Structure formats: C-alpha cells, structure tokens
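Asks: Here it is: the structure, laid out below.
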Ligand SMILES: *Cc1c(COP(=O)(O)O)cnc(C)c1O
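Residue numbers (the numbering used here): 320 to 675.
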C-alpha cells in the first residue's frame, strides 16, 4: 500500500486543547533529567536528586513535610487517602472530583473499601455547609463514618478555592475531626491564579496531605505526595512499594522536580497556562453563538459550542473534550500552549462562524 501524506488542512492544526497532559516535558525538567542521566547513582530514592527534590519541596512549602514521589495522580490520591482511613470510614468529595469520576474506584480499592460520599457544590467546590451536613445527617453505626474531606485545587471546573474558603473548610473539618486531603494535580495553577505562597493554601489552612501534580505542570511522569503532619506518613513508604509506586530509578522522577522547582519553572509554567486560558476565554467571548460557561480561574475554559461548530473544528484537527457535567466543551491549556496556537484556534473558529 502506498502511503500518502494527509491533506495539509488536517496536518497543520495538530494543536491540542484536550488536556494539559498532551503537552511534552518542559525544558527545565528535560535539562535536569538529562543531567541526572550523566552518571550512575544509588537506586530507590537513595540518591542526591531525590534528596534535593525533597529539600526543594520543603523550602517551597516552608515547612518540614514528608515527601513521596509517585508515578501518577490516581495512585497519589488513592494512597494518600487510604493512609488516613479505615475501611469503615468515608471520604467526602465533590461529585465531579477526579477521585470519584476518573480513578476507576482506586481510592476505594487501596483503602480496602472506604466509601466516597459525593457532595454537590457550585463551581466544582465543596462548601463548609455541605461538609457539615454530610457529617451531621447520619451519625449511627449503620453509616460509614466520615473521616476525610477531599478537595481539588484548582478544581476540575478550573476554579480555585480562596484562602477564605479554605479557612472555612478547615474550621468545619476541625469541628468534625475530619482530615483534609488536597488533590493538587493543578496545584501550581491555583498558586498562580491566587498569587499566594504555597503554604497559605495548604498547611496554614489545615491541609494534612497534598498530592502535588508534576505531570500537568511540565514533567513527563510524576506527582509528589506531601504530608504536612509527619505522623500521617508513618509506613506510607510500604503502601507505595506494595502498590508498585516505588521507582527503582527514582532520579528520573525527582530530577524533573529539581528542574521545575530550582528556578521557579513550576510557577512560570502554570502562569503561562493560565494566561493562555485567559486569552482563549477572551477570544471565545467575542465569537457569536459561543457561550463561555462558569467562571474560570485556572487553565481550562469551558464553553458551549453549537454541535456543528464543534464537529467542524474537530474535523479540522482540533482536539478538545465534551466535559461530562459541565454541559459544554473543555479547552485545556498547558505550559506549552503558545499565543500562536490560541490565536490560530480562534481564527479557525471565526472562519466557521458566519458573521452576523
Ligand atoms: C489529571 C488529574 C489527576 C491525575 O490523574 P492521573 O491520570 O492518574 O495522573 C488527578 N486529579 C485531577 C483533578 C486531575 O485532573
């Protein structure tokens, strides 16, 4: 069979707004990995890159945290949650939370059956009232005992919890002896959006454990589980190993963290992604027939497009998801999204929409 090149129109827009994990490894992480590749070091994390990555994370959070490096977010969330629960406990989370919608039951599996209790909430966020209600509505022995509240920062709907909102959640958690887990797959984007120090939206507002996302921030593989209370990390290393999450060549995960953290690339990457989303959102708002949904803080824009328009754009090679629960399409920007790409996408959209 003769291979023929596809027509130019399907080649040019290879641009991606499907996910921030369609992007590659950012230059800072790549350079550090390359440096780590220059010589042999001890395995299983007993190496200078891993030591340095831990130090940098403690410096970033300005506290003596316990840090573990995991391959992906599902494992990070599931193992972190499991470490705080017995099988008869419950985890309170938003109905759109990744732990519920995108982890194939892994939190329940790794915790030997801890139940997720789903709560509604505007803009993808839990509320103190919702958490209190979930605890207070049943206290009998027949119901799983709420033990952890899990929040996502930035949320699945590209919003962020403010310091005030987090403080209110901290208070309700404290009142009901709930531990607080933060899914921070896009933690950097939240820090960039809020313009705060990482500690202000983690341990200072009662977060016990953070799953700090590296992959979507510009690494190839890797998340860090950051315990702000040492006792919660007790025996966590065994959980990681048993779950197949202890990398033998750990330096390839941790060098990337060093690359991201040493010169602030983690924040610059997130700022770039958030700015790209802001640009995209502003452009979408000028196009007739397109309705921007919700209110964006971070690096994704949600919008309702006429079905024919979405289909035409996909036909032209653009990639984006219909996002379940949002009622629209999701356009996700990453550290690698360029102004050129965003403008090309908007220009292509305008071409498909007849001017009024
Ligand atoms: C991407 C993502 C994760 C991690 O997913 P993995 O595919 O398991 O790495 C976790 N939480 C949220 C909110 C995410 O968007």
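From the three backbone atoms N, C-alpha and C, an ideal C-beta is built for every residue, glycine too. Since the structure is predicted, the reported quantities are computational estimates derived from the model, not experimental observations.
Can you list the beta strand (DSSP E) stretches of 3 or more residues lying completely in the segment 488-524, in chain order?
Replies: Here the runs fully enclosed are 498-503.
Asks: Pop quiz: residue 384 and residue 411 are said to be a contact at Cβ under 8 Å. What is the actual Cβ separation, rounded to whole angstroms?
Replies: Numbered from 1 along the chain shown, position 65 holds the residue referred to as residue 384. Numbered from 1 along the chain shown, position 92 holds the residue referred to as residue 411. Not confirmed; about 24 Å, so no contact.
Asks: Does the distance from the C-beta atom of residue 642 to that of residue 664 stay below 8 Å?
Replies: On the chain shown, position 323 is the one that residue 642 refers to. On the chain shown, position 345 is the one that residue 664 refers to. No.
Asks: Can you look up residue 468 in the DSSP assignment and give me helix, strand or coil?
Replies: Within the chain shown, numbered from 1, the residue matching residue 468 stands at position 149. Residue 468 falls in the strand class under three-state DSSP.
Asks: Quick check on this structure: which residue in 337, 345, 360 has the alpha carbon closest to the alpha carbon of residue 591?
Replies: Taking the chain shown and counting its residues from 1, the one referred to as residue 591 is at position 272. Residue 345 is the option with its Cα nearest to residue 591.
Asks: Report yes if the C-beta of residue 593 is less than 7 Å from at least one heavy atom of ligand 3; otherwise report no.
Replies: You won't find ligand 3 in this model; what it holds is ligand 1.
Asks: Buried or exposed: residue 488, going by 16 or more other Cβ atoms within 10 Å of its Cβ?
Replies: Along the chain shown, one-based indexing puts residue 488 at 169. Buried.
Asks: State the Cα-Cα distance for the pair residue 386 and residue 545, rounded to the nearest angstrom.
Replies: Counting from 1 along the chain shown, the entry for residue 386 is found at position 67. Counting from 1 along the chain shown, the entry for residue 545 is found at position 226. Cα to Cα, residue 386 sits roughly 5 Å from residue 545.
Asks: Name the DSSP bridge partner or partners of residue 632?
Replies: Position 313 of the chain shown, counted from the start, is the residue given in the question as residue 632. None, per the DSSP bridge assignment.
Asks: If you reduce the DSSP assignment to three classes, tell me which class residue 555 lands in.
Replies: To locate residue 555, count along the chain shown from 1; it is residue 236. DSSP places residue 555 in helix when its eight states are reduced to three.
Asks: What distance in whole Å lies between the Cβ atoms of residue 397 and residue 426, which are believed to be in contact at a cut-off of 8 Å?
Replies: Within the chain shown, residue 426 is the residue found at index 107, counting from 1. Within the chain shown, residue 397 is the residue found at index 78, counting from 1. Going by Cβ atoms, the distance from residue 426 to residue 397 rounds to 5 Å, so yes, they are a contact pair.
Asks: From the DSSP output, read off the bridge partner residues of residue 385.
Replies: The residue given as residue 385 occupies position 66 in the chain shown. As computed with DSSP, residue 385 is found in a beta bridge with 546.
Asks: What distance in whole Å lies between the Cβ atoms of residue 504 and residue 417, which are believed to be in contact at a cut-off of 8 Å?
Replies: Mapped onto the chain shown, residue 417 falls at position 98. Mapped onto the chain shown, residue 504 falls at position 185. 7 Å between Cβ atoms; contact.
Asks: So is the beta-carbon of residue 443 under 7 Å away from any non-hydrogen atom of ligand 1?
Replies: Walking along the chain shown from the start, residue 443 turns up at place 124. No, the Cβ of residue 443 stays beyond 7 Å of every heavy atom of ligand 1.
Asks: Mind pulling the beta strand (DSSP E) runs of 3 or more residues that sit fully within the segment 357-438?
Replies: 385-389, 408-413, 434-438
Asks: Looking only at C-alpha atoms, which of 639, 646, 631 sits nearest to residue 671?
Replies: Within the chain shown, residue 671 is the residue found at index 352, counting from 1. Minimum Cα distance to residue 671 is reached at 631.
Asks: With DSSP as the reference, please indicate the residues paired to residue 531 in a beta bridge.
Replies: One-based indexing of the chain shown puts residue 531 at position 212. According to DSSP, which records beta bridges pairwise, residue 531 is partnered with 503, 543.
Asks: Along the chain, which unbroken stretches of the alpha helix (DSSP H) at least 4 residues long are found entirely within the segment 575-627?
Replies: 584-604
Asks: Pick from 432, 647, 477, 502: whose alpha carbon is nearest that of residue 392?
Replies: As a position in the chain shown, residue 392 is number 73, starting the count at 1. Checking every option, the nearest Cα to that of residue 392 belongs to 502.
Asks: Pull up the distance between the alpha-carbon of residue 462 and that of residue 405, whole angstroms please.
Replies: Within the chain shown, residue 462 is the residue found at index 143, counting from 1. Within the chain shown, residue 405 is the residue found at index 86, counting from 1. So the alpha carbons of these two residues sit roughly 14 Å apart.
Asks: To the nearest angstrom, report how far apart residue 381 and residue 518 are at their CA atoms.
Replies: Locating residue 381 in the chain shown gives position 62, counting from the first residue. Locating residue 518 in the chain shown gives position 199, counting from the first residue. Computed Cα separation, rounded: 7 Å.
Asks: Do residue 589 and residue 507 count as a contact pair if the criterion is CB distance below 8 Å?
Replies: Working through the chain shown from its first residue, we reach residue 507 at position 188. Working through the chain shown from its first residue, we reach residue 589 at position 270. Yes.
Asks: Do residue 596 and residue 509 have their C-beta atoms closer together than 8 Å?
Replies: Taking the chain shown and counting its residues from 1, one reaches residue 596 at position 277. Taking the chain shown and counting its residues from 1, one reaches residue 509 at position 190. Between residue 596 and residue 509, the gap from beta carbon to beta carbon reaches 8 Å or more.
Asks: Using the three-state DSSP reduction, which class does residue 449 fall into: helix, strand or coil?
Replies: Stepping through the chain shown from its first residue, residue 449 is reached at position 130. Here residue 449 sits in helix by DSSP.
Asks: Output the distance between the C-alpha atoms of residue 353 and residue 468, rounded to the nearest integer angstrom.
Replies: One-based indexing of the chain shown puts residue 353 at position 34. One-based indexing of the chain shown puts residue 468 at position 149. Residue 353 and residue 468: Cα-Cα distance of roughly 39 Å.
Asks: In angstroms with no decimal places, state the Cα-to-Cα distance between residue 660 and residue 666.
Replies: Counted from its first residue, the chain shown places residue 660 at position 341. Counted from its first residue, the chain shown places residue 666 at position 347. Distance between the alpha carbons of residue 660 and residue 666 is about 10 Å.
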